Amino acid sequence: MITVNGREHAVDIDPRVTLADFLRDRLGLTGTHLGCEHGVCGACTVLLDGDAVRSCLLFAVQADGHAVTTVEGLATAGERSPLQAAFERHRAFQCGFCTPGFLLSAQALLDRGVPLDRENLPGLLAGNLCRCTGYEPILEAVLEVYGRR
Amino acid sequence: MKAAPFAYHRPRSLEEALDLMAEHGDDAKALAGGQSLVPLMAMRLAQPAVIVDLGEVPELRGREGPSVRAMVTNAALERDPSGLPPIIADALPHLGHFQIRNRGTIGGSLAHADPAAEWPALALLLEATLTLRSRARGERRVPASAFMTGPLTTVLGADELVTGVSFPKWPADGRWGFAEVARRPGDFALAGAACTVIGGHRRVVVFAAGPRPQLLGHGDEIEAGGDLHAGAGYRRTVAGRLVERVLAQAGEVA
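Line order of the protein sequences matches chains A and B. Start counting the first sequence at 46; every next residue gets the next number (the working numbering). Start counting the second sequence at 784; every next residue gets the next number (the working numbering).
In structure tokens:
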């Protein structure tokens, strides 16, 4: 049994299927993106029991009994989350491929109450790669939400 | 980039895990946090027929002060490094990105024995002792200096598990330094160095430069190898500078 965005799923699955492939191919939650598939790019980041993890470095069977949040679980009733709204305001994406991973990594930092500032945030978000934005608007969006807590 | 098929076991106790390792021996790989093994499987550099997932083995969780059980995550140690030698708190933020530290474990990193990884270097530097267990040999305690024999190679038997690692008590007057160079924060280091100074006795370890962490005696040459990330000359030079830097952090003159 795995809980994804609040919904429980009981399914049989081949042990070699990663959590990322399970989310995308079995549940149709294609917001979780696969870039490098070996833990370098961060595009597939999801929350596992509230902690940001690489869903490409986890077999879906390992999430048995645990709760997963994907980018589809951030908005409530069609309303963008504060972080999603800040990404839009700051134009913190261009092609959007890396965006789900950034949103969930940053959401985990905000949820866990990690102290954030202009100095430490680039290092904390270094586990997510973006090829379009030059990172500045992403940092601004996260810091704006952090400042409004 | 998809792992080859394997049989999956998720033991609920250490006894059950040891039985599975004894039964499947060479065909089996223990899965800890999976942050090294899963990418190797995705690239099919590793194709174990059997995976023994240690994620639900209660005896491998938790710690008593400086005695850490194998499945304790790097994130847990980063949140609460109390009772551990203080160099560990300085090193942990370098140990992959925080998303990796949420899954990666101390036992998994030591058993994997990547030459560029921090735990094998810290264990050697701090004279840690690893506890290993198997059905055939029971429990044995191995000093870190005898554990890692080469890149990704240790004395761990095919049927054996790392169950924990124990660090000596840190003296109040101990000093230390830690530094590494990586292309991006959280990536594997291209070269790293760490030192302790305890009661006037200096201990220096260089890592990520050569085939395994190197305890650097006075006048020793740094063992360095080259690959597509950096040449041997670069690594030797950078590691040498990092040794000077960590000694300075510890208040020593190189």
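Even for Gly, the Cβ is constructed at its ideal location relative to N, Cα and C. For clarity, every value in this text was computed on a predicted model and none was experimentally measured.
Report the rounded CA-to-CA distance for S819(B) versus A829(B), giving the unit in angstroms.
10 Å
Chain A partners of G969(B), CB-CB under 7 Å?
A171, G172
Cutoff 6 Å; reference E943(B); Cβ partners in own chain excluding five residues on either side
L915, S917
If you draw a straight line from the C-alpha of Q129(A) to the C-alpha of A787(B), how long is it?
37 Å
To the nearest angstrom, report how far apart P951(B) and T912(B) are at their CA atoms.
8 Å
Any contact of the region 893 to 910 of chain B with the region 971 to 988 of chain B, i.e. 3+ C-beta pairs under 8 Å?
yes
CA-to-CA distance, M931(B) to N924(B), given in whole angstroms
A small correction: the amino acid at residue 924(B) is Arg; Asn does not occupy that position in the sequence shown. Spanning the two alpha carbons is a distance of roughly 14 Å.
Is it buried or exposed, M824(B), if we count other Cβ atoms within 10 angstroms and call 16 or more buried?
buried
Runs of 3 residues minimum, wholly inside the region 77 to 102 of chain A: which ones carry the beta strand (DSSP E) assignment?
90 to 93, 96 to 99
Name the residues in the region 877 to 901 of chain B whose C-beta lies less than 7 Å from a C-beta of chain D; which are they?
No chain D appears in the structure shown, which is made up of the protein chains A and B.
Cβ contact (3+ pairs, closer than 8 Å) linking the region 801 to 813 of chain B and the region 826 to 841 of chain B:
yes
Closest Cβ-Cβ distance between A105(A) and chain B: below 7 Å?
no
3-residue-minimum beta strand (DSSP E) runs that sit fully inside the region 938 to 972 of chain B, ordered along the chain
944 to 949, 958 to 964
Could you check whether the Cβ of Y791(B) sits closer than 7 Å to any Cβ belonging to chain A?
yes
Enclosing alpha helix (DSSP H) for D822(B) [first to last residue]
For the record, residue 822(B) in the displayed sequence is Pro; it is not Asp. Run containing P822(B): 820 to 825, per the alpha helix (DSSP H) assignment.
Which residue or residues does DSSP assign as beta-bridge partners of V925(B)?
L913(B)
Taking G947(B) as the reference, which of S796(B), G845(B), F789(B), V851(B) has the closest Cα?
V851(B)
State buried or exposed for E891(B), treating a residue as buried only when at least 16 other CB atoms are found within 10 Å of its CB.
The sequence given here places Gly at residue 891(B); Glu does not occur at that position. Result: buried.
Burial state of E82(A), where buried means 16 or more other Cβ atoms lie within 10 Å:
buried
Proximity winner among V85(A), Q107(A), A97(A), G95(A), relative to F67(A) (alpha-carbon distances)
Q107(A)
Whole angstroms is fine: what's the gap from L893(B)'s alpha carbon to M854(B)'s?
11 Å
Just to confirm, are P182(A) and R134(A) a CB contact at a threshold of 7 Å?
no
With three or more beta-carbon pairs closer than 8 Å as the criterion, would you say the region 954 to 961 of chain B touches the region 934 to 943 of chain B?
no
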